[in-house]
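Take the sequence shown: its letters are residues 0 to 170, numbered as in numbering that gives the first Met the number 0. Yeah, the Cβ is synthetic: ideal placement off N, Cα and C, and Gly gets one too. What follows is a set of notes on a single structure, which appears directly below.
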Amino acid sequence: MRILRILKDLCLFQGWIFIAAAVIICWQSVRTIAWPTTEGTVSRSYVAYQEVMGKTWYWPKVWYDYEVEDRKLSAENIAFFGMAPFGARIFPTWEEANVVLQSQYAEERTVTVRYNPSNPLNAFLVVRVMSADFIFVLVAGIILLLAGWLCTLTLRGKTQPVIATRQVRRS
């Protein structure tokens with residue numbers, strides 16, 4: 000019973016933390032829509048890869064140069080949030096990642112750069128409000144809250160007072 004109470008509290012606490020994180024991710028992504036843009040040029044790009052638990056994943060790796068208020072800057076973030084490094088979308092094959100690389104991030108290609116007006120070094124190419132990070136964190140939060148709720152229902156069922164009933168015989 001004590002373990003179930005601890006599990007309930009842990010699930011509910013972590014569930015609310017995950018929901019709060021999802022709200023923060025979404026809020027920050029929406030805020031970036033209003034950031035100013037400038038033109039940039041892809042200076043280097045290739046398909047990067049990493050093996051995770053026996054499966055190889057691929058994504059475009061991009062460096063780009065841009066200018067803000069006569070300052071020449073460089074960045075490598077593709078999106079504000081994302082599961083792969085620097086916000087890139089991940090792909091199961093090199094070919095799929097290469098198609099995106101060649102169509103959107105080929106070297107010398109002109110790209111639209113969105114940058115933070117308070118810190119122009121903080122820049123990226125794609126706005127994604129509904130990123131995989133957001134969806135993962137939101138779903139994890141909902142699952143944890145449901146688990147906590149189920150533990151609460153189970154505990155209520157076990158802690159209900161037992162009411163003794165006595166039948167009275169009438170003669």
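For residue 75, same chain residues with a beta-carbon under 8 angstroms away, outside a window of 5 residues either side, are 60, 61, 62, 63, 85 in chain order. A residue is called buried once 16 or more other Cβ atoms fall within 10 Å of its Cβ, and residue 54, having fewer, is exposed. Of the other Cβ atoms in all chains shown, 16 or more fall within 10 Å of the Cβ of residue 7; this residue is therefore buried. Within the same chain, and ignoring the five residues on either side of residue 4 in sequence, the residues whose Cβ sits closer than 7 angstroms to its Cβ are 154. Looking at 56, 65, 34, the one whose alpha-carbon comes closest to that of residue 42 is 65. Judged by DSSP in its simplified three-state form, residue 30 adopts helix. In this structure, the CA atom of residue 156 is about 14 angstroms from the CA atom of residue 1. Residue 119 counts as buried, since at least 16 other C-beta atoms from the protein chains shown sit within 10 angstroms of its C-beta.
Between residue 137 and residue 47, the gap from beta carbon to beta carbon reaches 8 angstroms or more.
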